[in-house]
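In our numbering, the protein residues as written are 8 to 188.
Below: the structure, in structure tokens.
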Amino acid sequence: MRATTRRVLCLSGSLRRVSSNTAALEAARRLAAPGLELVGYSGLGVLPLFNPDDDVEPLPAAVLALREAVGRADALLIACPEYAHGVPGAFKNLLDWLVGSLEFPGKPVLLLNSAARGSYHAQEALDEILRTMSAQLLTTHPCKVSLPGAGCTAEQVLASADRCAELRAALDNLADIPPRL
């Protein structure tokens, strides 16, 4: 019997060039066990502002690319910062473009919380948004990865045995997701 690879789309809620959330996702990609293919999404900054009037065929190219990437994924892995006790506007915009899509409902989603000081406002808001959008959240709370803060790199994350153990534990939640047909 051939092993099945599960494709996981990694979504960072940060636009920063050097982002701890993006670093956590990149480190997770490098630590992923065989059978898990983690793929990064880099189009957050090019999505147009959501307008329901534009959520019609033909979709803007960046929106179409996002929806196709979500459609090809068996699950989503999200690492999102907290800005002013909320979800960053750019990431909320991404989610708004997925609300009316056929690709998102029922999609398994795993949340990472990479804030060393326990960011929780945005995580609670993100949980509510995703449930409203009919996501299948894989855990009741975001998986904690205690990074040092803004500006760390994937190499710094991977240099810590504790961070690697946290990421591997988080990735274990993706082991049993069903592959897309």
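Backbone N, C-alpha and C define an ideal beta-carbon position, used for all residues, glycine too.
With 16 or more other CB atoms across the displayed protein chains lying within 10 angstroms of its CB, D81 is buried. Exposure of S141 is indicated by the presence of fewer than 16 other C-beta atoms within 10 angstroms of its C-beta. Around W104, the same chain offers L54, F57, V70, L73 as residues with beta carbons nearer than 7 Å, after the five sequence neighbours per side are excluded.
Annotation for S19: the continuous beta strand (DSSP E) segment containing it runs 13-19. Fewer than three beta-carbon pairs drawn from the segment 159-168 and the segment 127-142 are found closer than 8 Å, and the two stretches are therefore not classed as touching.
Nearest in C-alpha terms to G107, of all of D60, T11, D183, is D60.
The Cβ neighbour count for G20, taken over all protein chains shown within 10 Å, is at least 16; the residue is labelled buried. In this structure, L154 sits away from S49, with a CB-CB distance that is not shorter than 9 Å.
Across the set G47, G96, P95, the C-alpha of G47 shows the shortest separation from the C-alpha of R79. Distance from the CA of T29 to the CA of L84, rounded to the nearest whole angstrom, comes to 11 Å. For T12 and L101, the gap between their C-alpha atoms comes out near 26 Å. The C-alpha of A168 is placed about 44 Å away from the C-alpha of L66. When the beta-carbon positions are compared, L32 and L119 come within less than 9 Å of each other. Its chain contains L16, Y48 as the residues whose beta carbon lies nearer than 7 Å to that of A76, once the 5 sequence neighbours on both sides are disregarded; these appear in chain order. Apart from the 5 residues on each side of it in sequence, A35 sits with its Cβ closer than 8 Å to the Cβ of C17, L45, L84, L119, L174, A177, L178 in its chain, given in chain order. If only uninterrupted beta strand (DSSP E) runs of at least 3 residues are considered, those enclosed by the segment 33-98 are 43-47, 82-86. From the listed residues Q130, L109, P41, the smallest Cα separation to G93 is found for Q130. Counting other Cβ atoms within 10 Å of its Cβ, R138 stays below 16 and is therefore classed as exposed.
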